[in-house]
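Okay, structure first, notes after.
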Amino acid sequence: MDYVCAKCSNLSRGHVYCCKNCDFKLEYLCAFSPNAENNKLIIDGHISKKIHHFIFNQSLILFNYRRVGKYDYCCSWCEKHLSGMSYGKLEFFNQVFFHDSCLINMPSIIVKHPFHPSHPLQIHMVFSKYRCNACNYSLKGIQAYCCKKCGFYLHVLCARLQPSLKVELHEHYLSYFQIKSRWRGFRCKICNSNCSDGNKESVCYRCVQCDFNYHFNCLGVLSSTRHKYHRHELMLVDSFIEDDSKEYYCDICEEERKPKHHVYCCKKCKFVAHIECALNKVVDTKLDHGSASGLLVSKEETEQRNAEFPTHLSIKYIDHPHVLSYNEATEQNKSLLCKACCQEIFDQHYACEYYLHETCTTLPYEVSHPLHRQHPLKLFTDIGAFPCSQCRDYSDGFSYICYPCDFKLDVKCAAIPIAPNKEGRGQIEMERLSKLCPFNHNHKLEFFNCRANVIKNLKCYACLLPIVGSAYRCRECFYTYAHESCLALVREMQHPFHPLHFLHPQIFSRMWSPFCFACGNSIDMGYSCQKYDFHLHFNCADSLKRALKYKSHVHNLYYFRLRTEMHPRACNKCESSLDSQPFYHCLECGIRLHIKCVPTPHLIKSKCHIHHLILKDHFVEDDSREYYCDICEEERNSNNHVYYCEECYGQFVAHIECVLPTVDKAEPAPEASLIQN
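In the working numbering, the protein residues as written are 183 to 859.
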């Protein structure tokens, strides 16, 4: 099994020293190296890291390539041998590798692809059960090149295929195509038999536009042939590597060839040629039907696309299949957001239930930015929601991305130049806001800011309340999201209901979810004792820290916030629903009571303060993000009900459970009937 050494960053195989608790591995020589200075996880300026590549929906690890087996690994994009710093996924049955340069230059938009020259192809996330037009495999849940207008889709790696062979029996150029083993979907158009050869990986020529497939023999691609440029007979072989130069060329057209593809070669003098060159059926590689390597859309092509719309009253935008109409002003009483920059629209714009500022229809497709001088940033229109690396706003609009460096900017930040004195400040701020994931300390949390009018239905995994404002996410742990205030709750703790062992934050399998000791509902994420079957939601663990001892009930009551996935329960006193309302719960009797039904008076006089205190559903007195009860002096949750002093401008704030036992006896007590079991 291949692995990457955490010390030297080399691709390695064989004996390994590894940590059982995390993905830390050292090869034999590095584990016993006496040089302490080399213990930094850095090589040639590259920090050992993983990037979550949104196109392939998986993490790729950076490593220094060296051959570890019998054969060299090849880049999945250019199909050349790996060399130097590379990215890859090393699982045995799911290996994928890329040169550093190939990952940087992978296009976001392909203009005039030979399989679909009529419209540009752009990367989008595919949610429906579409299949790739080239290989016919499913695309659901991954990024792919697509033309939404025509319903044409290509895997990212299928987009690199090039038509090469022209034959008389078909009008289009045919592509050399490798069929995966056991795939029975391709039948030869001429003989009608299957192009797949049992369990082996097979090859054929394929017309993607027409969905036609041809055996080599049916096309006249014989096992041997002769060519006027060479005096010996040429034999068809499945691959040919004449030396270790890693650069291989056709001796007829003198263009580069792929060493793993079929070729005609002379076994006497190592003459090698493409199949199409040996058969005198050479494709002009400069034909005006695009390149699979991809070019970004230019200004001239944008103008050509809009030539059929002679005025500025309507345009055809590349990312949307319909014509966008021009509007001078927005409709009254309706807030519109630009799909590109996610800012509100107050002036001229184009619309089709898909709104764009006039300026956002002419965005550049590549920019250089002072916060990321290493590589240019490319425009992507549909990668899903992401946090901007500069302002940390969470956005689902257009983005400028360098994905090898995992650097993303939203449109507004990419368009605004950064003052030189603010560049360093921005980097310091990003480092200050970085935290480790509480579920796995090898993962790093990303800080972001969520605007309510841009991202909706994003909920905190700790309290299940909507996220608005400052929050964190971990992309490795199922994309977990948490309020900044809730993150402080997610840590190792010793709970009074289970004092023998520490409770640890844990994400539970979707196949098996335990039940919460406090509320009795299933848990996806919460606290757990690793020795005994004791589990708590994060909010429930916080609720059980403090009991309300009140004369209206014989047992202790605990403050709970209703989790949104629970079935609606009824208050045991007024019998109305508790849906989405905080309540008090008795663990022994199982009764649940509204806050007002306990009862908790709206106005109360405590011995601990000179003024009357007012009941409030939540209170935040400052921006410190650390809030305490002024009676017990313990930390409090700013989202929970409290009593506070309005006359002191909130300088006195206390838990309900701390205030009620200190009620001044001289004050008239609220009427309360005993809640029966």
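Ideal placement from N, C-alpha and C gives every residue a C-beta, glycine not left out.
- Here residue 756 is exposed, its C-beta having fewer than 16 other C-beta atoms within 10 Å.
- Put simply, the backbone Cα of residue 583 is about 11 Å away from that of residue 568.
- In this structure, the straight-line span from the alpha carbon of residue 789 to that of residue 578 is close to 52 Å.
- In this chain, the alpha helix (DSSP H) harbouring residue 593 covers 593-597.
- As a beta-bridge residue in DSSP terms, residue 774 pairs with 767.
- Each residue's CA atom was taken as its position, placing residue 204 and residue 663 some 22 Å apart.
- Around residue 649, the same chain offers 632, 640, 641, 642, 663, 665 as residues with beta carbons nearer than 7 Å, after the five sequence neighbours per side are excluded.
- Beyond the five residues adjoining it in sequence on each side, residue 243 comes within less than 6 Å, by CB distance, of 186, 232 in the same chain, given in chain order.
- Our two residues, residue 524 and residue 553, have alpha carbons roughly 21 Å apart in a direct line.
- Taking a 10 Å sphere around the C-beta of residue 694, we find fewer than 16 other C-beta atoms and assign the residue as exposed.
- When secondary structure is reduced to three states using DSSP, residue 843 falls in the helix class.
- Ranked by how close their Cα comes to the Cα of residue 629, the residues 655, 730, 296 have 655 in first place.
- Residue 653 counts as buried, since at least 16 other C-beta atoms from the protein chains shown sit within 10 angstroms of its C-beta.
- Looking at the DSSP output, residue 817 sits in a beta bridge with 810.
- Under DSSP, residue 267 shares a beta bridge with 246.
- Residue 819 counts as buried, since no fewer than 16 other beta carbons sit within 10 angstroms of its beta carbon.
- Per the Cβ contact rule, the region 403-419 is in contact with the region 444-460 (3 or more Cβ pairs under 8 Å).
- Straight-line measurement puts the Cα of residue 374 at about 23 Å from the Cα of residue 457.
- Its Cα nearest to that of residue 306, the residue 338 stands out among 558, 278, 338, 574.
- Nearest to residue 815 by C-alpha distance, out of 705, 289, 839, is 839.
- At the C-beta level, residue 426 and residue 385 stay beyond 9 Å of one another.
- In this structure, the straight-line span from the alpha carbon of residue 453 to that of residue 260 is close to 23 Å.
- Scanning 808, 797, 805 for the CA closest to the CA of residue 837 turns up 797.
- Nearest to residue 598 by C-alpha distance, out of 327, 550, 196, 562, is 550.
- In this model, residue 787 and residue 825 are separated by some 10 Å (Cα to Cα).
- Under the DSSP assignment, residue 829 falls outside any alpha helix (DSSP H); it carries neither an H nor an E label.
- For residue 210, the enclosing alpha helix (DSSP H) begins and ends at 210-213.
- Separation of residue 332 and residue 301 (C-alpha to C-alpha, rounded to the nearest whole angstrom) is 9 Å.
- Residue state for residue 350 is assigned as coil, using DSSP reduced to three classes.
- Fully enclosed alpha helix (DSSP H) runs of no fewer than 4 residues occupy 398-401 of the region 380-412, in order along the chain.
- Counting the other Cβ atoms within 10 Å of the Cβ of residue 371 gives 16 or more, which makes it buried.
- Just so you know, the alpha carbons of residue 791 and residue 771 end up roughly 34 Å apart.
- Secondary structure note for residue 458: its alpha helix (DSSP H) is the uninterrupted segment 457-460.
- In the pairwise beta carbon analysis, the region 340-358 is classified as touching the region 387-404: at least three pairs are separated by under 8 Å.
- Looking only at 783, 832, 817, 211, the smallest Cα-Cα distance to residue 801 is reached by 832.
- Residues 414 of the same chain have their beta carbon placed closer than 7 Å to that of residue 451, with the five preceding and five following residues left out of the count.
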